[in-house]
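Residue numbers (my numbering), protein chains in the order written: chain A, 7 to 218; chain B, 7 to 218.
Below is one structure, written out as structure tokens; comments come after it.
Number of protein chains: 2
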Amino acid sequence: MKTNKTKVKRTPKRGHYDAEIIYSILDKDFICQIGFVYDDYPVVIPTIYGRKGNTLYFHGASVSRLLVTMETVPVSINVTQTEGIVLARSAFHHSLNYHSVTVFGQASLVTDMDERMEALKVISDQIIPLRWDEVRLPNAKEMKATKVLKLEISEASAKIRTGPPKDEKEDYELDIWAGVLPIEKRFGKAIADPELKMDLPIPDSVKNLVNK
Amino acid sequence: MKTNKTKVKRTPKRGHYDAEIIYSILDKDFICQIGFVYDDYPVVIPTIYGRKGNTLYFHGASVSRLLVTMETVPVSINVTQTEGIVLARSAFHHSLNYHSVTVFGQASLVTDMDERMEALKVISDQIIPLRWDEVRLPNAKEMKATKVLKLEISEASAKIRTGPPKDEKEDYELDIWAGVLPIEKRFGKAIADPELKMDLPIPDSVKNLVNK
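If you want it as structure tokens, here you go:
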């Protein structure tokens, strides 16, 4: 997946082009930032995705500017997870620990009805597995109001930084604390809809995700 | 700050143009995604920022492609915080709770030495306040290796979703749990650099951030 566009230019030792590494970063998330050119101007919009095999699926309102534009122009997609603040002895060597993936490509409209429904399940599973089997599935009117796009992951790269700070040799003598402050993401306690009329239990999808 | 570019097109009731709302979202974060056009192609790169007043500061290696390009072309910047998964009774009405800001503009190089140093402190404070006073500050060689850019926040918009799911009227009768699963970010236990030769205590900057 290493091409001229995806080659990591700065600190190339942080660059990775292996599909399994790229997939594993994509699978830990469901929000990406999509960049495209609109009226000669760059636009960056956050959106939800789902991955199945080498395909990324996107969905939204049929009239969404992002999706209408994405059908016609190439995009750049970035997914970034920030895992820690890296505190060095010098201001200069402060850094972040992160996993990041960038994908370049051209999305296309999914028109086949079965694939459209399958794509919506892939996106749902990306956010909260099992939920698809608990809910009322999309009806014909809702499917008509929804646009589904797909993008093959052909040009992609990952950039990763992990581990402790790296300081200048002479700075290791300084009486300055150095290390990593981890940033953790977790789920809070589920909040029932105030309109929940019956005393329904927390569903398996939520329990499964919270205990993962 | 509402212009033709920043006007929230989808679900306009989620759009906000008030500077205080935009600042408050920017101040809860330090990572943004910057989009720009490079060789006619959209590129999205995650980077760190700091806000002071109506100015966003960016920094990086002097040779960084992002920063070198940012001096010459307009950019789109997005900051998104995902705060909850919104579980509706229907698949269609599932959503996310989030705060998101998009800024459009053209960055410029900061050349004044005092402002460059001040900008680096602003960025440091954005990530971890107090740290700047604990570390070895940048020397002349490090300042030379660092490029600083600034961007005035003139065109910007925020998009916010909060609260419980909104379902179709007839779906409220279904025996399906609905509500919000909050996504929380927190700091873990600080990990000392294995090379920390003295038994230095956790510094105030880390204690302050963890206890905030």
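Virtual Cβ for every residue (Gly too), placed ideally from N, Cα, C.
Applying a beta-carbon distance threshold of less than 7 Å, which residues of chain B neighbour residue i?
{"i": "A/D177", "result": "R142"}
{"i": "A/I134", "result": "I91"}
{"i": "A/G21", "result": "Neighbours of A/G21 on chain B: none; closest Cβ ~13 Å, over 7 Å."}
{"i": "A/I189", "result": "K191, F193"}
{"i": "A/V43", "result": "V43, P48"}
{"i": "A/K34", "result": "Ordered by position in chain B, no residue passes the 7 Å Cβ test against A/K34, which lies about 13 Å from the chain."}
{"i": "A/K218", "result": "Those within 7 Å of A/K218 in chain B number zero; the least Cβ separation is about 12 Å."}
Identify every residue that forms a DSSP beta bridge with residue i.
{"i": "A/H164", "result": "The sequence as given places Ala at residue 164 of chain A; His does not occur at that position. A/A164 pairs with A/H22, A/V107."}
{"i": "A/A198", "result": "B/G185"}
{"i": "A/I40", "result": "A/I51, A/I83"}
{"i": "B/A67", "result": "B/T152"}
{"i": "A/T61", "result": "A/K58, A/E158"}
{"i": "A/L102", "result": "A/I91"}
{"i": "B/E190", "result": "A/R192"}
{"i": "A/L115", "result": "A/L155"}
{"i": "B/S30", "result": "Looking at the DSSP assignment, B/S30 forms no beta bridge with any residue, so it has no partner."}
{"i": "A/R137", "result": "According to DSSP, A/R137 bridges with nothing at all."}
Considering just the uninterrupted stretch of the beta strand (DSSP E) at residue i, what are its terminal residues?
{"i": "A/E89", "result": "80 to 93"}
{"i": "A/V154", "result": "152 to 158"}
{"i": "A/R57", "result": "56 to 58"}
Can you say whether residue i is buried or exposed, counting buried as having 16 or more other CB atoms within 10 angstroms of its CB?
{"i": "A/N214", "result": "exposed"}
{"i": "B/K165", "result": "buried"}
{"i": "A/V141", "result": "buried"}
{"i": "A/Q39", "result": "buried"}
{"i": "B/Q132", "result": "buried"}
{"i": "B/V92", "result": "buried"}
{"i": "B/K34", "result": "exposed"}
{"i": "A/A25", "result": "exposed"}
{"i": "B/V107", "result": "buried"}
{"i": "A/A125", "result": "buried"}
{"i": "B/N103", "result": "buried"}
{"i": "B/M76", "result": "buried"}
{"i": "A/V212", "result": "buried"}
{"i": "B/G185", "result": "buried"}
{"i": "B/A151", "result": "exposed"}
{"i": "B/T12", "result": "buried"}
{"i": "B/V69", "result": "exposed"}
{"i": "A/V154", "result": "buried"}
{"i": "B/P229", "result": "Since the first residue shown for chain B is 7 and the last is 218, residue 229 of chain B is missing from the structure and cannot be characterised."}
{"i": "B/G59", "result": "exposed"}
{"i": "B/V81", "result": "buried"}
Quick one: list the residues of chain A neighbouring residue i, beta-carbon separation under 9 Å, in chain order.
{"i": "B/Y63", "result": "Within 9 Å Cβ-Cβ: nothing; B/Y63 doesn't reach chain A, min ~14 Å."}
{"i": "B/R81", "result": "One detail in the question is off: residue 81 of chain B reads as Val in this sequence, not Arg. Correct list: P48, V50."}
{"i": "B/A198", "result": "P170, W183, A184, G185, V186"}
{"i": "B/V212", "result": "I91, L93, W183, G185, L187"}
{"i": "B/E201", "result": "P170, P171, D173, Y178, A184"}
May I ask which residues mark the beginning and end of the alpha helix (DSSP H) holding residue i?
{"i": "B/T75", "result": "71 to 76"}
{"i": "A/V128", "result": "119 to 133"}
{"i": "A/V216", "result": "210 to 216"}
Residues of chain A with CB under 8 Å from residue i, in chain order?
{"i": "B/L126", "result": "A97"}
{"i": "B/G111", "result": "By Cβ distance, chain A contributes nothing, its closest Cβ being about 11 Å from B/G111, past 8 Å."}
Give the interface partners of residue i over in chain B, defined as CB-CB distance under 9 Å, in chain order.
{"i": "A/I37", "result": "T86, T88, L102, Y104"}
{"i": "A/S130", "result": "A97, H100"}
{"i": "A/K156", "result": "What A/K156 touches in chain B: nothing, since even the nearest Cβ is about 18 Å away."}
Just the chain A side, please: which residues come within less than 7 Å of residue i by C-beta, in chain order?
{"i": "B/L206", "result": "D181, W183"}
{"i": "B/R167", "result": "In chain order: nothing, as chain A lies at least about 12 Å away."}
{"i": "B/E148", "result": "F98"}
Exercise for the section: Please determine if the stretch 190 to 197 of chain A and the stretch 184 to 195 of chain B are in contact, where contact requires at least 3 C-beta pairs separated by less than 8 Å. Expected result: Touching, per the Cβ criterion.
Exercise for the section: Please confirm if the stretch 111 to 128 of chain A is in contact with the stretch 79 to 88 of chain B, defined as three or more CB-CB distances below 8 Å between the two stretches. Expected result: No contact exists between the stretch 111 to 128 of chain A and the stretch 79 to 88 of chain B.
Exercise for the section: Taking 8 Å as the threshold, find out whether the stretch 62 to 70 of chain A comes into contact with the stretch 47 to 54 of chain A through three or more Cβ pairs. Expected result: Segments in contact, yes.
Handout entry: At least 3 beta-carbon pairs within less than 8 Å: the stretch 198 to 216 of chain B vs the stretch 145 to 159 of chain B
Key = Taking a contact to require three or more Cβ pairs closer than 8 Å, the stretch 198 to 216 of chain B and the stretch 145 to 159 of chain B do not qualify as touching.
Practice task
Indicate whether the contact test is met: 3 or more Cβ pairs, each with one atom in the stretch 169 to 180 of chain A and one in the stretch 93 to 100 of chain A, closer than 8 Å.
Solution key: As far as the Cβ criterion goes, the stretch 169 to 180 of chain A touches the stretch 93 to 100 of chain A, which means the pair count is three or higher.
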